[in-house]
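Reading through the structure tokens given below for one structure.
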Amino acid sequence: MNRTFLRLIKIAGSYKLWMLLAAFVGFLTIGSSIGLMMTSAYIIAKAALHPSIAELQVGIVGVRFFGISRGVFRYIERFISHEITFKLLAKFRVWFFESIEPLFPSKLAKFKSGDLLTRAVSDVENLEHIYVRVIAPPFVAILVLILVTFLFGSFNLIYAVIVLIFFILAGIGVPALTYLMSKNTGRKLVTLKSKLNELIIDQTQGMQELIIFGQRENYLRNFKETNYEYISLQKKMANISGLNDSLIGLFMNFAVFFILLNAIPNINNGILDGVYLSVLALGTMACFEAVLPLPTAIQYWEQSINSANRLFELTDEKQSEIKEIELTPQPENFDIDIRNINFGYNNDTKVYNKLSLYIPENEVTAIVGASGAGKSTLVNLLMRFWDYESGKFLLGNEELKNFTQEEIQKYISVVPQTTHLFNLPVKENIRFSKPDASENEIIYAAKKANIHNFIMSLPNKYDEWIGEQGLKLSGGERQRISIARALLKDTPVIVFDEPTADLDSLNEKKILELIYELSESKTVLLITHRLVHLENINQILVMHGGKIIERGMFDELLAKKGYFYKMFNLQNNLVV
Amino acid sequence: MSRKYLGHFILFVIISIEESFGMHVDKRLLKLPGNIKSNLIVTIVFGLLVGSLTIGQAYYLSKIINDVFLTHSLLADVSNFLILFLVISLLKAFAVWLENFYSNRLATHVKDLIRKNLTSHLFKLGPAYVKSERSGEISNTIMNGVEKLDPYFSQFLPQLFLSALIPLAILFFVFPIDALSGIVFIFTAPLIPLFMILIGNIAEGMNKKQWRILTRMSGYFLDVIQGLSTIKLFGRQNDIKKKIELISDSFRISTMRVLRIAFLSALVLELLSTISIAIIAVEIGLRLLNGNLEFQPALFILILAPEFYLPIRQLGVRYHAGMEGTAAAQNIFKILEEPVKISSIPESKADLNLNIDTIKFKNVSFTYDGNRNAVKNISFELKPNTLTAIIGKSGSGKTTTTNLLLRFIDPTGGKIFVGNNELTKIDLKKWQSQISWISQNPYLFHETIKDNLLIAKPGATEKELVYAAKAAKIHNFIISLPDGYNTLVGERGAKLSGGQAQRIALARAFLKNTPLLILDEPTANLDPQTEFEMISTIDFLTKNKTVLVIAHRLNTIKKADQILVFSGGKIVERGNHQSLIQMNGYYFKMLSTLKGLK
């Protein structure tokens, strides 16, 4: 058995009994049709001999019973299997969240693409079908096979062997054959599909370029060829899988043929009662129903295994070793002192090479620089999303590495550059940072972040749903909610990462006033590329290429006529 | 039973099936070129052939069993029938495959045709139609929407006809043999589609509700995974984990409550067909007993009984494919039936003096959807080899103006002239070949960097490429990549930053080297050194060209020969920097509020 599959089963572990039960009911469903066809054949064959009606009674009861039981079993089976499907999906979701959460973000950074997690979510969803379409069909088929072997074996072992052979040929041989025939095509299809997808995106997003550079005909020719190649392969796949129905039917008829071939002489010799000839023939036909879902099971098996492999690739990332910390450090104050730290996201490129800086409490410190200068990396280190390689990073004279992430979160809150708003009411989105906050605290934070009036203007005020599926907010509104969230937490250190990037000048001014106000009792770090309203800031650090190249107050820095001065002039050059 | 009643019932069967499924036949799909109908008919004919062979098989099987069982024939006596049974089985297997083959051919033809039509029609609709917010939806229609037509054509449509035809064919044989069984068939068969309609209506409402619940659940999970960074920032991971469990559980319970009833439809359908088989078995059994029926026809009917209900049940299974197919067709035809607004003049009639003459906008207006004026009565001139800057807030009509000049859209009022020629009378391709255009977000194709440059000048030499890349100050970056100029761009290759994409666009403009240049100045926050380099590159590029620039920088504006100030789709002020300052109007106010912030 496949290792990935076993791991999946292990995760699904606690529902094993349920799965067995559902498979058993699925077997009873098909068993009922076999029963229906065999008893039906029995009563008409028996009736042809004109016996008394009493002799038919048992058969008639059987026919009635199976006629009803099939529908009832089908209903029960669908019910249980859906219950299992939902339970499994919940289990997979929790498992995935549990495994991925400790790895985020540093251990997952190498899977750079931003939509990686989105893709993972659809991979989790792909596992939805694993019970109904992958696990159940072979189980049911095996149970049916056992039943038929006993039923037919009770007449004559040969009949059981015949059905067994063709059942296995149809159930394993045919799907295996079509699977092998289409394996290469399937692989090519995946590559071509992504190529076609890229071409489509090239047109819908790059149409202006295609037109201006006169590439329309080239593109259309290229698209036509790729599309034709793609759908020709799809056709080939479909023609191969068309063999499934065709061959399974053929093997069923072969089984009937060979049963007849063996049973007819037995009847002639009087070994077998002629009544049972039709019973055997119709029973053979009915049991092949169990074979029909097997070819699709293989396809879904492959799809599930591929999805699971991608998920395991993520979750198998090694967690960073968590050092046992004997004593919880108590910071003496909330100064941040960085001395000669080195850091790089990977081995090839260094972000910081011996970076040193000092951020005193009860002041605002600003770090300015162009995008890519290494400003936001400081936040990642501060929150211990990543760990620096060497040097000292002190919070209140205690080495940062001695704090757990949970403890750091008690002292530091961050207004991140891009914020995620959950599909929740506005109120709950703000409360996210402090689950036990009262309504009053939330409103207070919202007022401070200058978003209260906006929220009150919403139809449902603080109960308005926002996020992906709720009300769409502008960048500035999102940012102010994010600020309210951080303020609510009320930590001694607060970091603003580009808080005014999406704000209009009025709100920008208000937020900067708030930042000054907060610094009366907190350590405030402002990371920004906007060089406005910085006149009163005690310390501005200019970062370039991961180094602090200038420091001082606003006027001092302008007087230096260095890098800061250039940045300032460039920004003033920007008109609209 | 008179034939009249039989006719009525058959009609009832067909009408009820048509009613429940007919709404999922989009006539526009059947009218597509390329023998859609004849291909569909071939598929249906093979489906019917399969049905007929099934009937033949049932006949010979019942014959063999009858002869052996009742007339005590020996194996040798029935060997001919056995061989016929085997031959029919082989033919049936072949026919099943051919039915599948022709339905695939039909689906393939449709997918090929519709994808081609969609892409070429999109070009005619132009970039203004494929606006960025809509591009995802359109891509999805071309890829996945078209794919939904596959099961529609290969499964649903043929089945729609076969589910009526095969039962009819079976009835055709059963009726002469045993009218009573025929009547049982006739009475029960319409019950299936009838119940499907009745339950279908209830179940469809429920299915929709269930679907909403399910999407909300997956929505929640996606939301949580995307917000992982925020969750960790505030240390809420344990609460969230518990919440996933809790929500999954409550969603499961409410979904199952819905499904419990929705599954009843399946129960009823199963019951109808199995109970019908049971009724037939008992009914023919009892008449056999009384000697009112022979054994062979009775067995024949019994073997056919499951086959009679099978096509109708299969239609139920494929109902979903029909629903999805018509929904996809709606989206597809929404694009295909969108009227083309850009006029294209055949090459022969077109004439254009290759020297870009003065370009004149005369009272030009453009309306996007009939009511919202993007620009209104704008008039201005672009003189050869001058630089014109347009400024204004977002939404003031700047982009619409450049789109008009690029002919991504044509004016809905007024005219644009190039020299004495009206722009719409000039061959579209020739005109666009005279323009270089650099947008704020240049698009790089999923190809190599080299190919991305070559589209600007197909057939350019290696030397020319390197020259252009050097001029755009991107050469050093390119050769630092592992595969240099042959590095793939996009998901499977290198991801370029906005600034790097800008430079590729600049390099393209150097390669294309046209007399007219349209430029949307980049606003990205670059470091001063990079920014100075960009500015000097652009200066170099714009020399001796007619330039229209959407300006964001004071330097550029000061250099401009002409400044057009846009507000609310109109040109509110025009002149050069000096004259506009002296005017003491909108422009002056705009600059001074900015100063106030500094």
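Line by line, the protein sequences give chains A and B. Residues 9 to 584 (my numbering) make up the first sequence, in order. Residues 62 to 659 (my numbering) make up the second sequence, in order. Idealized CB from N, CA, C, for every residue including glycine. On a predicted model such as this, the values are computed, not experimentally measured, just so you know.
- The C-beta separation of residue 241(A) from residue 204(A) comes to about 11 Å, leaving the pair out of contact by the 8 Å criterion.
- In terms of CA proximity to residue 485(B), 466(B) leads the group 500(B), 494(B), 466(B) and 551(B).
- Checking the DSSP bridge columns, you'll see residue 552(A) partnered with 555(A).
- Counting only runs of 4+ residues, the alpha helix (DSSP H) found wholly inside the stretch 159 to 233 of chain B occupies 193 to 201 and 207 to 212, in chain order.
- In the DSSP assignment, the residues bridged to residue 473(A) are 433(A).
- Within chain B, 290, 291 and 294 have C-beta atoms less than 8 Å from the C-beta of residue 424(A), given in sequence order.
- Take the alpha-carbon of residue 622(B) and the one of residue 421(B): they are about 16 Å apart.
- The beta-carbon of residue 232(B) is placed no less than 9 Å from the nearest beta-carbon of chain A.
- Put simply, the backbone Cα of residue 100(A) is about 26 Å away from that of residue 436(A).
- Identification of chain A residues near residue 204(B) by a Cβ-Cβ cut-off of 8 Å yields 204, 205 and 208, ordered along the chain.
- Within 10 angstroms of the beta-carbon of residue 461(B) lie 16 or more other beta-carbons, which makes it buried.
- Between residue 493(A) and residue 441(A) a beta carbon distance of about 5 Å is seen, short of the 8 Å cut, so the two are scored as contacting.
- Residues of the stretch 423 to 445 of chain A whose Cβ lies closer than 7 Å to any Cβ of chain B, in chain order: 424, 427, 428, 430, 431, 440, 441 and 443.
- Spanning the alpha carbons of residue 581(A) and residue 616(B) requires a straight line of approximately 7 Å.
- Here residue 312(B) carries a helix assignment [DSSP, helix/strand/coil].
- For residue 373(A), none of the residues of chain B pass the 7 Å Cβ criterion, the least Cβ distance being about 20 Å.
- Spanning the alpha carbons of residue 370(B) and residue 104(B) requires a straight line of approximately 20 Å.
- Beta-bridge analysis with DSSP links residue 601(B) to no other residue.
- The residue from 348(A), 502(A) and 519(A) with its alpha-carbon nearest to that of residue 556(A) is 348(A).
- Among the CB atoms of chain B, none fall inside 9 Å of the CB of residue 464(A).
- Only residues of its own chain outside the window of five on either side were considered, and among them 305, 308, 309 and 312 have a CB closer than 8 Å to the CB of residue 142(A), listed in chain order.
- As a beta-bridge residue in DSSP terms, residue 479(A) pairs with 474(A).
- Chain B places a beta carbon closer than 9 Å to that of residue 95(A), counting this residue as a contact.
- Among the CB atoms of chain B, one or more fall inside 9 Å of the CB of residue 90(A).
- Here residue 520(A) is not near residue 376(A), since their CB atoms are 9 Å or more apart.
- Listed along chain A, the residues sitting closer than 8 Å to residue 313(B) by beta-carbon distance are 91, 94, 95 and 98.
- The stretch 362 to 376 of chain B makes contact with the stretch 227 to 244 of chain B, as at least three CB pairs between them are under 8 Å.
- The DSSP-derived three-state label of residue 90(B) is helix.
- Counting only Cβ-Cβ distances below 9 Å, residue 302(B) has contacts in chain A at 102, 105, 106 and 109, in chain order.
- When secondary structure is reduced to three states using DSSP, residue 627(B) falls in the strand class.
- Per DSSP, the beta bridge partners of residue 423(B) are 476(B).
- Here residue 551(A) is buried: its Cβ has 16 or more other Cβ atoms, across all protein chains shown, within 10 Å.
- Going by DSSP, residue 452(B) is part of no alpha helix (DSSP H) but of the beta strand (DSSP E) stretching over 448 to 452.
- Here the alpha carbons of residue 607(B) and residue 452(B) stand approximately 17 Å from one another.
- In its chain, beyond the 5 residues on either side, 562, 563, 565 and 566 have a beta carbon closer than 7 Å to the beta carbon of residue 503(B).
- Residue-level contact check: residue 48(A) touches chain B, since one or more beta carbons of chain B fall below 9 Å from its beta carbon.
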